[in-house]
Amino acid sequence: MERLDKLLAATGRWSRKEAKALVKAGRVLVDGAPPKGPEDKVDRAQTVTVDGQPISTRKYTYVMLHKPAGVVSATEDPRERTVLSLLPPELRRIGLAPVGRLDKDTEGLLLLTNDGPLAHKLLAPVRHVDKVYYAEVDGSLTPEDREAFRAGMTLADGTQCLPAELEPLEEPGRCLVTLREGKYHQVKRMLAARGKPVTYLKRLSMGPLALDPALPAGAWRLLKDGEIAAFEE
Ligand code: URA
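Under this note's numbering, the first residue of the sequence shown is numbered 2, with each subsequent residue one higher.
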């Protein structure tokens with residue numbers, strides 16, 4: 002059981018104050034009936050509507066962020082702007098954290114959630130969740146680069162990488178890289194080891210979740226039910 006205003010705020014669409022006002026204005030129904038007040042306890046199995054539209058009563062919140070360059074993948078930082086600072090205040094108060102990290106200058110898909118078990122599952126090294134990146138490099142990519150990625154590279158410091166996919170794109174110096182792990186600066190280090198330093202990097206997908214092409218850099222949206230369900234498969 003959860004307080005109605007808290008449940009509404011957890012959707013990220015309203016602050017707690019706005020949620021209270023919605024209830025007081027009679028715009029919220031629980032199982033078709035008006036609640037007594039914002040502090041009413043609601044069961045997640047009940048149907049909650051706002052202006053007649055059902056809202057999610059999920060326990061956890063899942064946010065897709067198109068991370069822009071220049072922000073760090075952390076919830077707080079003494080000096081740098083964080084990915085959390087790109088979210089509205091109501092989403093900054095519910096314990097969301099990024100699932101994995103992108104470098105400060107890397108753009109693209111970042112999932113934020115307060116679903117600890119899911120984050121753990123996606124990050125567990127044994128799970129080998131595929132992550133696809135678009136990269137631009139100095140130099141042109143060759144079939145030998147592709148073979149080296151496929152074979153599993155050993156970096157200069159002895160780091161052993163799992164076999165990965167490198168797919169050169171038509172335009173020289175552009176490629177897609179698929180990793181099944183997430184070592185520190187991995188894409189940059191693998192390409193640098195081939196003598197092709199990365200000049201631009203963007204994550205396109207993580208497991209079944211793809212960056213929504215309608216989201217510009219810096220924008221976010223809540224995951225859709227189907228996207229959440231895909232993680233549970
Ligand atoms: N690999 C990198 O080098 N940087 C990232 O941000 C992600 C993967």
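Heads up, the beta-carbon is just placed ideally off N, CA and C, and yes, glycines get one too. All of these numbers come straight from a predicted model, not from anything done at the bench.
- Under the criterion of beta carbons closer than 8 Å, Leu-216 and Met-65 qualify as touching, at roughly 7 Å.
- Between the alpha carbons of Leu-167 and Ala-98 lies a gap of roughly 29 Å.
- The nearest non-hydrogen atom of ligand 1 is less than 8 Å from the C-beta of Thr-107.
- The segment 110-125 and the segment 186-199 do not touch, with fewer than 3 CB-CB distances between them shorter than 8 Å.
- Between Gly-38 and Gly-101, the CB-CB gap reaches or exceeds 9 Å.
- The three-state secondary structure of Ala-26, taken from DSSP, is coil.
- When DSSP reads this structure, Leu-66 sits in a beta bridge with Leu-111 and Trp-221.
- The count of Cβ pairs closer than 8 Å, one atom from the segment 38-48 and one from the segment 67-81, stays below three, leaving the stretches out of contact.
- Across the structure, Asp-213 and Lys-197 are spaced so that their CA atoms are roughly 28 Å apart.
- For the options Val-199, Ala-211 and Glu-3, the alpha carbon positioned closest to that of Asp-104 is the one of Val-199.
- Leu-97 carries a coil assignment under DSSP once its states are collapsed to helix, strand and coil.
- Bounds of the alpha helix (DSSP H) holding Val-188 are 187-194.
- In the displayed model, Glu-171 falls within coil according to three-state DSSP, outside both helix and strand.
- Thr-58 places its beta carbon less than 9 Å from that of Val-49.
- At least one heavy atom of ligand 1 sits closer than 8 Å to the Cβ of Gly-183.
- Note that the segment 85-92 touches the segment 60-76; at least 3 beta-carbon pairs, one per stretch, sit closer than 8 Å.
- Ligand 1 has no heavy atom closer than 8 Å to the beta-carbon of Val-73.
- For Ala-136, the enclosing beta strand (DSSP E) has its first and last residue at 132-138.
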